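Engineer:
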Amino acid sequence: MKTERKGKKNKNNTTHRERQRNREEEERKKERKTGRKRDREKERERHREFEEGQ
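The sequence shown begins at 1 in full-length UniProt numbering and counts up one residue at a time.
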């Protein structure tokens, strides 16, 4: 007797841990990118202040 499968079949055969790790890596990459943008904005502000000071 066959039982019905609940949910989708896992095609690529990755474990829950692997998916979680990938998700965490993507989040870290996004954080790095946003961090760089913030740094650039800070540098621009400093540059503007320096020019105004002269």
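For each residue, glycine too, the CB sits at the ideal point set by N, CA and C.
Quick caveat, the model's predicted, so the values are computed rather than measured.
Between which two residues does the alpha helix (DSSP H) harbouring residue 30 extend?
Structural biologist: Walking along the sequence shown from the start, residue 30 turns up at place 30. Run containing residue 30: 16-53, per the alpha helix (DSSP H) assignment.
Engineer: Can you grab the Cα-Cα spacing for the pair residue 16 / residue 42, in whole Å?
Structural biologist: Residue 16 sits at position 16 when you count from the first residue of the sequence shown. Residue 42 sits at position 42 when you count from the first residue of the sequence shown. So the two alpha carbons sit approximately 39 Å from each other.
Engineer: If we ignore side chains and look at the alpha-carbon of each, how far apart do residue 36 and residue 19 end up?
Structural biologist: One-based indexing of the sequence shown puts residue 36 at position 36. One-based indexing of the sequence shown puts residue 19 at position 19. Taking the CA atoms as reference points, residue 36 sits about 26 Å from residue 19.
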